[in-house]
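Let me begin by presenting the structure, written as C-alpha cells, before commenting on it.
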Amino acid sequence: MEIRSHDQGWSSYSEDHGTYRNSWTWFDLGFERTPGREDVCEDLDVRLATNLHASGIAQNHQVVYRAEDDLPWMRSLQAGDRVSIIPRALFPGWQNFVERASIEIYTDPLS
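Below, the structure written as C-alpha cells:
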C-alpha cells in the first residue's frame with residue numbers, strides 16, 4: 001500500500017512539529033466481506049500510517065504485508081472481499097490531505 005499525504009500544516013504544539021507525537025491524522029486499513037460471510041475483521045484495528053505533526057509537506061508512506069507475517073486478517077481474505085485505506089482526522093481543525101493512495105494485492109492461486 002502506498003499513501004502520499006500530510007496534515008493541516010500547523011498546530012499550537014511547536015515541540016511536536018515534524019514528529020509523530022500528538023499527530024491526529026492517520027490511515028486505517030478497512031475490510032468489507034462478501035454478503036453471507038462472517039466478518040472476522042469487524043473489531044480489527046489496523047493503523048497503516050500516521051502523518052507527521054503540523055507538516056504541510058506531503059510524505060510518502062509505504063506499507064507491505066507478506067504471507068510470512070501470518071496475520072489473521074490476511075489468512076481470512078477470500079475472493080470478493082474488499083480492502084480499503086481509510087483516512088482519519090480526530091479533532092476539529094485537524095485535516096488529512098491525501099494526494100494519492102493505492103493498494104496492490106498479489107496472491108498465489110496454487111496455495
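Residues in the sequence shown are numbered consecutively from 1, following the UniProt record's numbering.
Glycine is no exception: its CB is placed at the ideal position from the N, C-alpha and C atoms.
How would you call residue i, buried or exposed, if buried means at least 16 neighbouring beta carbons within 10 angstroms?
i   : result
F91 : exposed
S23 : buried
D7  : buried
Just grab the DSSP bridge partners of residue i for me.
i   : result
Q59 : S5
Using beta-carbon positions only, say whether residue i and residue j come within less than 8 Å of one another.
i           : j   : result
S84         : E2  : no
residue 136 : T25 : In the structure as shown, the chain starts at 1 and stops at 111, and residue 136 therefore has no counterpart that could be examined.
I86         : F27 : yes
Could you check how far apart the C-beta atoms of residue i and residue j are, in whole angstroms? I think they sit under 8 Å.
i   : j   : result
S11 : A54 : 4 Å
N96 : N51 : 7 Å
L48 : L71 : Not quite, the Cβ-Cβ distance comes to about 13 Å (not below 8 Å), so this is no contact.
F31 : D81 : 7 Å
G56 : G18 : That pair is no contact at about 11 Å.
Using C-beta distances below 6 Å, list every residue in its chain close to residue i, excluding the 5 sequence neighbours before and after it, in chain order.
i   : result
L78 : In the sequence on display, residue 78 carries Gln and not Leu. No residues qualify anywhere along the chain.
Y20 : T50
By Cβ distance below 8 Å, which residues in the same chain neighbour residue i in space, the five residues on each side in sequence not counted?
i   : result
D16 : N22, S23, H53 and A54
By Cβ distance, which residues of its chain are closer than 7 Å to residue i, with the 5 residues on each side in sequence left out?
i   : result
V63 : M1, L48 and A49
W94 : D7, Q8, W24 and T25
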